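Q:
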Amino acid sequence: MEKKRTDCPALPPGWKKEEVIRKSGLSAGKSDVYYYSPTGKKFRSKPQLSRYLGNKVDLACFDFRTGKMMPGKLQKSKQKTRHDALSLAKETMGMFTDSWLTALTTDSVVELDGFQLLRGDGRRRTGGKPDLSTALPIRQTASIFKQPVTKVTSHPGNKVKTDTQQAIEQPRQLFWEKRLKGLRSSDVTEQVLRTMDLPKELQSLGPDSSEDTLLSAITSALHMSSVPITGQTSVAAEKNPAIWLNTSQPLCKAFTVTDEHIREQEIKVYQARRSLEEALMADGLARVAENTRELREGKAA
Numbered sequence: 003m004e005k006k007r008t009d010c011p012a013l014p015p016g017w018k019k020e021e022v023i024r025k026s027g028l029s030a031g032k033s034d035v036y037y038y039s040p041t042g043k044k045f046r047s048k049p050q051l052s053r054y055l056g057n058k059v060d061l062a063c064f065d066f067r068t069g070k071m072m073p074g075k076l077q078k079s080k081q082k083t084r085h086d087a088l089s090l091a092k093e094t095m096g097m098f099t100d101s102w103l104t105a106l107t108t109d110s111v112v113e114l115d116g117f118q119l120l121r122g123d124g125r126r127r128t129g130g131k132p133d134l135s136t137a138l139p140i141r142q143t144a145s146i147f148k149q150p151v152t153k154v155t156s157h158p159g160n161k162v163k164t165d166t167q168q169a170i171e172q173p174r175q176l177f178w179e180k181r182l183k184g185l186r187s188s189d190v191t192e193q194v195l196r197t198m199d200l201p202k203e204l205q206s207l208g209p210d211s212s213e214d215t216l217l218s219a220i221t222s223a224l225h226m227s228s229v230p231i232t233g234q235t236s237v238a239a240e241k242n243p244a245i246w247l248n249t250s251q252p253l254c255k256a257f258t259v260t261d262e263h264i265r266e267q268e269i270k271v272y273q274a275r276r277s278l279e280e281a282l283m284a285d286g287l288a289r290v291a292e293n294t295r296e297l298r299e300g301k302a303a
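Taking our numbering, the leading residue of the sequence shown gets 3, the next gets one more, and so forth.
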């Protein structure tokens with residue numbers, strides 16, 4: 003990868019912008035942009051910059067990729083706000099006329115959104131459209147699991163209708179698991195975490211398939227697929243996977259999970275739980291001892 007680090011004049015003095023150009027893989031030619039503070043702290047996104055800088059710098063019109071202030075972004079946001087406020091005002095035509103609406107300035111239209119307006123029946127309401135949509139809500143959390151969403155109402159007599167038709171999965175490219183190559187997990191200090199050690203029975207299959215890629219492919223298959231994970235059961239797939247590949251299975255040779263494998267995994271889980279229990283108990287005792295010592299010191303003072 004090629005790295006270019008330059009000064010960023012849009013940010014306070016000492017800030018650096020780094021552009022990393024990818025040289026290999028399906029994303030060759032694309033680039034990633036990072037920013038470094040004067041102390042060397044790395045930032046990967048605009049929200050991270052906003053949280054770190056706070057009120058010191060206004061990043062409303064800051065373009066993260068180019069590193070420049072783009073006033074056009076702020077202007078588009080103001081135009082959208084003005085359009086939404088005009089739409090709200092047109093709903094209350096019983097109070098206002100067209101000539102009055104056209105005479106409104108941008109600032110007064112924006113302020114109109116916070117007023118309490120009179121409805122046709124004389125009652126008061128706050129600005130904004132009432133939610134009359136009957137569509138099911140959209141889950142806002144980012145989850146890799148296929149979780150259903152249930153609409154709960156205050157009417158016990160209502161019945162929630164569910165779509166019995168199963169969702170059709172979109173087709174994937176051949177050897178799409180190669181996109182997962184090179185991905186690493188890191189902790190809050192940006193230190194790369196050690197990957198899991200796969201059992202010897204799990205052997206990769208296909209062109210340029212490493213153990214890390216195989217782990218990511220199996221994990222994706224467990225979360226996204228509803229069929230059992232058995233690997234490539236066809237012997238012909240080992241000779242020419244581009245033709246005889248089973249796309250519903252990860253790129254690994256066929257394997258069988260025995261009772262011995264399950265018992266070994268149960269022992270590992272039991273040992274991990276025991277270690278966690280001992281660590282939590284030791285931490286709790288240490289906290290109690292520390293609180294007791296602080297109380298004694300407070301009474302002595």
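No residue lacks a Cβ here, since even glycine has one placed at the ideal position from N, Cα and C. In this text the structure is predicted, and so the values were computed from the model without any measurement.
Measuring straight from C-alpha to C-alpha, what distance separates residue 18 and residue 187?
A: Within the sequence shown, residue 18 is the residue found at index 16, counting from 1. Within the sequence shown, residue 187 is the residue found at index 185, counting from 1. Cα to Cα, residue 18 sits roughly 24 Å from residue 187.
Q: For the segment 246–257 against the segment 216–233, are there 3 or more C-beta pairs whose distance is under 8 Å?
A: With a cut-off of 8 Å, the segment 216–233 and the segment 246–257 count as touching, because enough Cβ pairs lie within range.
Q: Cα-Cα, which of 244, 203, 191, 221 is closest to residue 197?
A: Counting from 1 along the sequence shown, the entry for residue 197 is found at position 195. Looking at the Cα atoms, 221 is the closest of the given residues.
Q: For residue 104, does the three-state DSSP call read helix, strand or coil?
A: As a first step, residue 104 must be located in the sequence shown, where it is residue number 102. Bear in mind that the predicted position of residue 104 carries a pLDDT of just 49, short of 50, making it unreliable; the figure below should be weighed with that in mind. Helix.
Q: Report yes if the CB atom of residue 208 is closer than 7 Å to the CB atom of residue 243, and no otherwise.
A: By one-based count along the sequence shown, residue 208 stands at place 206. By one-based count along the sequence shown, residue 243 stands at place 241. Yes, the Cβ-Cβ distance between residue 208 and residue 243 is below 7 Å.
Q: Considering only C-alpha positions, which residue in the set 28, 206, 8, 193 is nearest to residue 247?
A: Sequence index remark: in the sequence shown, residue 247 carries index 245 (1-based). Of the candidates 28, 206, 8, 193, the one whose C-alpha sits nearest the C-alpha of residue 247 is 206.
Q: Do you know how far the Cα of residue 30 is from the Cα of residue 22?
A: Here the question's residue 22 lines up with position 20 in the sequence shown. Here the question's residue 30 lines up with position 28 in the sequence shown. Each residue's Cα considered, the two are about 11 Å apart.
Q: What do you get for residue 179, buried or exposed, if any count of 16 or more other CB atoms within 10 angstroms of its CB means buried?
A: Along the sequence shown, read from residue 1 onward, the residue named residue 179 stands at position 177. Looking at its Cβ environment, which holds 16 or more other Cβ atoms inside 10 Å, residue 179 is buried.
Q: With distances taken from CA atoms, which of 28, 39, 172, 26 is nearest residue 10?
A: If you number the sequence shown from 1, residue 10 lands on position 8. Of the candidates 28, 39, 172, 26, the one whose C-alpha sits nearest the C-alpha of residue 10 is 39.
Q: In terms of DSSP beta bridges, what is residue 254 paired with?
A: To locate residue 254, count along the sequence shown from 1; it is residue 252. Partner(s): 206.
Q: Do residue 12 and residue 71 have their C-beta atoms within less than 7 Å of each other?
A: Working through the sequence shown from its first residue, we reach residue 12 at position 10. Working through the sequence shown from its first residue, we reach residue 71 at position 69. In contact: residue 12 and residue 71 (Cβ atoms closer than 7 Å).
Q: Take residue 1 as the anchor and find which of 212, 199, 227 has the nearest alpha-carbon.
A: Here the chain comprises residues numbered 3 to 303, so residue 1 is not present and cannot be evaluated.
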